[in-house]
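Residue numbers (our numbering), protein chains in the order written: chain D, 1 to 359; chain P, 1001 to 1218; chain V, 2001 to 2280.
The C-beta atom is built at its ideal place from N, Cα and C for all residues, glycine as well.
Scroll down for the structure; my scribbles are underneath it.
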Amino acid sequence: MSEATLLSVSDLCVELHSRRGSFRLTADELELNAREALVILGPNGSGKSTLVRTLAGLERPTAGRVESAATGPVTMVFQSPAPLAGSVAHNVRVAFLGKKLSGSERRARVTEALERFKIDHLAEHRAATLSGGELRRLALSRAFALRPAVLLLDEPFAGLDADGQAALSLDLRRAISDTGVAVAMVTHDLRRAMLLSDRIAVLIDGKLVQVGRRDDVLERPSTLEIARVVGMTNLVQGVVGEDRRGDLAVVEVDERHRVATPTAFTAGTRVWIGIRPEHLKLDIGRGEVDPIGKGIVREIVNDGVSVSVGVDWAGSELRTHLMAGRGLARTLELGAQVSLSANPEHVHLIPIRSTSQMA
Amino acid sequence: MNPPSIGLLVEITARTLAVCLPALAISLAIGLPIGIAIGGRRFAGRVPLVSLINTGMGAPPVVVGLVVFFALERNGPFGSWSLLYSPVAMVLAQVVIALPLVVGITLAAVGSLDEDWELQVRTLGVPKRWRLWLLVREIRLGLLAAVITALGGILSEVGAVMAVGGNLEGETRVLTTAILMYTQMGELEIALGLAVILVGLMLVLAGLLTAVQQSGRA
Amino acid sequence: MTHLRIFCSLVAASAVFACSDRVAEEEDLLLVTTTSVRDSGLLAELLPIFQERTGVRAQVVAVGSGAALRMGRDGNADVLLTHAPEGEKALVASGAAVSRVPFMENHFVIAGPPEDPAGVREASSPADAMRRIADSSARFVSRGDDSGTHRREVALLKEADLDPSGGWPGFLSSGAGMGQSLQIAGEKRTYILSDIGTFLAFQKRIELEVLSQPAPSLRNVYSVIRIDPAKLEPVRAERAEQFQAFLLDPEIQRQIAEFGRERFGRPLFRPLHLESRPQS
């Protein structure tokens, strides 16, 4: 455990038994460091909540251990925070029960925490009358009022509408950076994860399968399943070819569709080619850098902010996003032929090891 | 028969309270912790225990009186304490009547809380005794119901206190046994007067408790 | 288990409010009786015979004699069985009742703990016994419910120049029926005045002994009293007359003479009309 590590997990195994059956979570190694935000991603039922509850000390490991070097409080905000009877301010003050704090200190902290999440005007309202979003803000206020060293969040945006999620995630990010609290947060919302995370941990089927810096995990998922979880949705099978373009290897999908990327895989290796939608460029005409071939536009979904475009490329559908109302987004039509390109640095290869990874 | 003096009515009322209030206090002191302990936990044997409590909630007081009678009588297991036909015996019977009510209502109130309630409070680092305080605060409506139900149960109860108290003038004569006695003596006006006091007492106590509860609400 | 049964019935009886103005069915006779007669089981034996003979079903309300006389005065009864001679005579004198016929008797006893701390065994009379109990401040359970037995207590206390409401430190007023009062006396090891019938039923359980000698002032005479027919529907007045005659019937009188022998080894009551010798 390094000096900056606040929580660490080693060789962890948690087994839960309920009426609905048994569940098993394993994690070889996971650390939460000071001043960092770790986002735990995974499909439903992959064990995200169990992991964060174990970090909070609410579940007892069957094997392995959870060590804490945190000098301040470790606290958790639940997925469905239930308000306590009484006012909003009372709900925050509860955090001070049994702690030695002066009255003025308490008042100051309550005000600060409520202001942080913009619900100070509700201080004297009964907590039971708050909306879902306000309740979530109250739970976060209470957690921050504790001045925690480690904050564990289980789906902090669940049940909120898009605007609510966006507003709350910004307030949360500001609170995290203002206080320097270390955060481990469960979510299955990729956009919140990208906004809030320094590092990402991915769980699949109860197993911790990848942990790393945010961009490493987002751009270099180690398996097909992880790629899907982290939003690398453009996935096409290919074979590493003999040709090389300088430092780059050429991966062939078919005769007319090739992708250049730096790789250590030897020629003949069968791989999944993964390109994140935001890294796939789309153009009409010539002059493209790093071309990967042409495709036909099959789908255009415009939500007023961004335009999601589906392109048939080598028999697979690739997806990319354009800014609405600008440039190509204004003129693009279904059936149009477009040129696709991708920076070789943003093309990721995942070796195909077994049939189970067939798409 | 002359109508009883105001002094006698006051005396009977005072003794009724002197018996019922300690019985209520003891029932709450024992019943609330048990109800909270059972309500917040899952353990083997919980289901039969809860159904036993539910049975106790409906136990006919007169049967309770009979059981306490046999426990306390001269030849009974606790006969040497000479408690039968004393206020202590009445308190005991009333505790046996009220205890299942308090436990049952308390554990239902605890059970109605969110599943994660205890954990949520615990992760805030709230120490155990403060958690308990919060829990009581959280379920205070249910607890108020428990108090009123228990008080109603023991204040209006006659069969058990008659059996173990004996309606002794100046010692164990309480409102209900006095009402029964005057009814049987044909002194219906006096019985009615005492009944009015009993109902009034119940109204005042329930009103007080409700007022306390309302004022605690933010 | 006999005691258990007695206790249960006592508790049950006290739990049920005796309602004084209940309405009887057409074919009924409203019989208001003192509790000791009902509790002895005598009525349960006699009433079916009465119904067989006359077709009249008697409804029984058991209360203290004082309450019974009051119900009679107010016309809330058809016929009374009581054991409070002074009150009964007053009721007849007032015109509310037309006929009072003593039909059986037994006696009261002063019972107490075998060690007899007040020396009741040596008393020259029941009044003297009461005086000894009061003088030694011994504990005494009074019925205190204006029943026939309570009235007899008061009479004995008056005869002994004592305060009729007791007044000595050991005096306890139970305000309860005979059975429960005996139970209390047994539990607290006190003296008590009881009719012999109820005492015999509780004797084993309570471990008290009869300490008094038979005496005229302990005679316990039960009378059947008919209410002024002017206050009743004619058919009810007729049934009340039938019931009075029924109790005086030699066959029924013989049955009363035998009642209790089976259970207690001795009769509980002595009929007053076997040797055609109405008394009191």
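If the cut is a Cβ gap below 7 Å, which residues of chain P does residue i touch?
{"i": "residue 98(D)", "result": "1126, 1127 and 1130"}
{"i": "residue 2187(V)", "result": "1073, 1074, 1084 and 1085"}
{"i": "residue 2180(V)", "result": "1166"}
{"i": "residue 78(D)", "result": "1116 and 1120"}
{"i": "residue 322(D)", "result": "Here the premise fails: no neighbours, minimum Cβ distance about 43 Å."}
{"i": "residue 2063(V)", "result": "1184 and 1186"}
Just the C-alpha distance for residue i and residue j, rounded to the nearest angstrom, thanks.
{"i": "residue 132(D)", "j": "residue 1055(P)", "result": "40 Å"}
{"i": "residue 186(D)", "j": "residue 291(D)", "result": "37 Å"}
{"i": "residue 226(D)", "j": "residue 40(D)", "result": "12 Å"}
{"i": "residue 307(D)", "j": "residue 73(D)", "result": "44 Å"}
{"i": "residue 174(D)", "j": "residue 268(D)", "result": "48 Å"}
{"i": "residue 305(D)", "j": "residue 78(D)", "result": "32 Å"}
{"i": "residue 2089(V)", "j": "residue 2152(V)", "result": "15 Å"}
{"i": "residue 190(D)", "j": "residue 168(D)", "result": "15 Å"}
{"i": "residue 2159(V)", "j": "residue 2146(V)", "result": "18 Å"}
{"i": "residue 1061(P)", "j": "residue 1208(P)", "result": "26 Å"}
{"i": "residue 258(D)", "j": "residue 121(D)", "result": "59 Å"}
{"i": "residue 283(D)", "j": "residue 30(D)", "result": "42 Å"}
{"i": "residue 1089(P)", "j": "residue 1102(P)", "result": "20 Å"}
{"i": "residue 2163(V)", "j": "residue 2118(V)", "result": "18 Å"}
{"i": "residue 1191(P)", "j": "residue 1065(P)", "result": "23 Å"}
{"i": "residue 238(D)", "j": "residue 144(D)", "result": "49 Å"}
{"i": "residue 348(D)", "j": "residue 35(D)", "result": "29 Å"}
{"i": "residue 2221(V)", "j": "residue 1010(P)", "result": "38 Å"}
How should residue i be labelled, buried or exposed, when 16 other C-beta atoms within 10 angstroms of its C-beta is the threshold for buried?
{"i": "residue 152(D)", "result": "buried"}
{"i": "residue 272(D)", "result": "buried"}
{"i": "residue 210(D)", "result": "buried"}
{"i": "residue 1214(P)", "result": "exposed"}
{"i": "residue 1052(P)", "result": "exposed"}
{"i": "residue 1043(P)", "result": "exposed"}
{"i": "residue 149(D)", "result": "buried"}
{"i": "residue 1169(P)", "result": "buried"}
{"i": "residue 12(D)", "result": "buried"}
{"i": "residue 337(D)", "result": "exposed"}
{"i": "residue 1117(P)", "result": "buried"}
{"i": "residue 8(D)", "result": "buried"}
{"i": "residue 295(D)", "result": "buried"}
{"i": "residue 176(D)", "result": "buried"}
Under 7 Å between beta-carbons, which chain V residues line up against residue i? List them in chain order, please.
{"i": "residue 1042(P)", "result": "Result: empty, since nearest Cβ-Cβ is about 40 Å, beyond 7 Å."}
Residues of chain D with CB closer than 9 Å to the CB of residue i, please, in chain order.
{"i": "residue 1117(P)", "result": "82 and 84"}
Run through chain P and tell me which residues come within less than 9 Å of residue i, C-beta to C-beta.
{"i": "residue 187(D)", "result": "Going along chain P, no residue has its Cβ under 9 Å from residue 187(D), so there is no contact; the nearest lies around 18 Å."}
{"i": "residue 75(D)", "result": "1123, 1124 and 1125"}
Going along chain P in order, which residues have a C-beta closer than 8 Å to the C-beta of residue i?
{"i": "residue 95(D)", "result": "1124, 1125 and 1126"}
{"i": "residue 366(D)", "result": "This structure gives no information on residue 366(D), because the portion of chain D shown stretches from 1 to 359."}
Using a C-beta to C-beta distance shorter than 8 Å, which residues of chain V count as neighbours of residue i?
{"i": "residue 1169(P)", "result": "2144, 2172, 2173, 2174 and 2175"}
{"i": "residue 1181(P)", "result": "2145, 2175 and 2176"}
With 9 Å set as the bound, which would you pick, yes or no: does the beta-carbon of residue i sit closer than that to a beta-carbon of chain B?
{"i": "residue 1162(P)", "result": "As a matter of chain content, chain B is missing from the structure shown, whose protein chains are D, P and V."}
Starting from residue i, find everything on chain D with Cβ-Cβ shorter than 8 Å and list it in chain order.
{"i": "residue 1134(P)", "result": "84, 94 and 97"}
{"i": "residue 1046(P)", "result": "Chain D residues near residue 1046(P): none, gap ~14 Å exceeds 8 Å."}
Q | Sufficient close CB pairs (3 or more, under 8 Å) joining the region 2127-2136 of chain V to the region 2241-2251 of chain V | A | These segments do not touch.
Q. Between the region 1012-1020 of chain P and the region 315-332 of chain D, do at least 3 Cβ pairs fall closer than 8 Å?
A. Pairwise C-beta distances place the region 1012-1020 of chain P out of contact with the region 315-332 of chain D, as fewer than three of them are shorter than 8 Å.
Q: Give a yes or no on contact between the region 2197-2205 of chain V and the region 2221-2231 of chain V, applying the rule of three or more CB pairs nearer than 8 Å.
A: no
Q. Counting Cβ pairs, one atom from each stretch, are 3 or more of them under 8 Å apart for the region 1116-1129 of chain P and the region 1147-1161 of chain P?
A. no
Q: Just list the alpha helix (DSSP H) runs in the region 1091-1176 of chain P, keeping only unbroken ones of 4 residues or longer that don't cross its boundaries, in chain order.
A: 1117-1122, 1128-1138, 1140-1155 and 1159-1165
Q. Is there contact here, the region 2086-2105 of chain V with the region 2179-2186 of chain V, by at least three beta-carbon pairs under 8 Å?
A. no
Q. Per the contact definition of three or more C-beta pairs closer than 8 Å, is the region 1091-1106 of chain P in contact with the region 1028-1039 of chain P?
A. yes
Q. What alpha helix (DSSP H) runs, 4 residues minimum, are completely inside the region 1043-1081 of chain P?
A. Fully enclosed alpha helix (DSSP H) runs of 4 or longer: 1046-1057 and 1061-1072.
Q. Hey, which unbroken runs of the alpha helix (DSSP H) at 4 residues or more fall wholly within the region 2173-2213 of chain V?
A. 2178-2188 and 2196-2206
**Q.** Runs of alpha helix (DSSP H) wholly within the region 257-335 of chain D (minimum 4 residues, chain order)
**A.** Counting only runs of 4 or more, we get 328-331.
Q.
Using 8 Å as the cut-off, can you tell me whether the region 1169-1177 of chain P makes contact with the region 2055-2072 of chain V, which would need three or more C-beta pairs spanning the two stretches below that distance?
A. no
Q.
Would you call the region 243-256 of chain D in contact with the region 216-235 of chain D, where contact means no fewer than 3 C-beta pairs closer than 8 Å?
A. no
Q) Does the pairing of the region 90-107 of chain D with the region 159-167 of chain D give three or more beta-carbon distances under 8 Å? A) no
Q. Would you say the region 2073-2081 of chain V touches the region 2256-2272 of chain V, given that touching needs at least three Cβ pairs under 8 Å?
A. no
Q.
With three or more beta-carbon pairs closer than 8 Å as the criterion, would you say the region 190-205 of chain D touches the region 34-51 of chain D?
A. yes
**Q.** the region 1151-1162 of chain P / the region 74-94 of chain D touching (three or more Cβ pairs under 8 Å)
**A.** no
Q.
Quick check for students: name the residue ranges of the alpha helix (DSSP H) that lie wholly in the region 2214-2238 of chain V, counting only runs of 4 or more.
A. none
Q | beta strand (DSSP E) runs wholly inside the region 2025-2068 of chain V, at least 3 long, in chain order | A | 2028-2034 and 2057-2063
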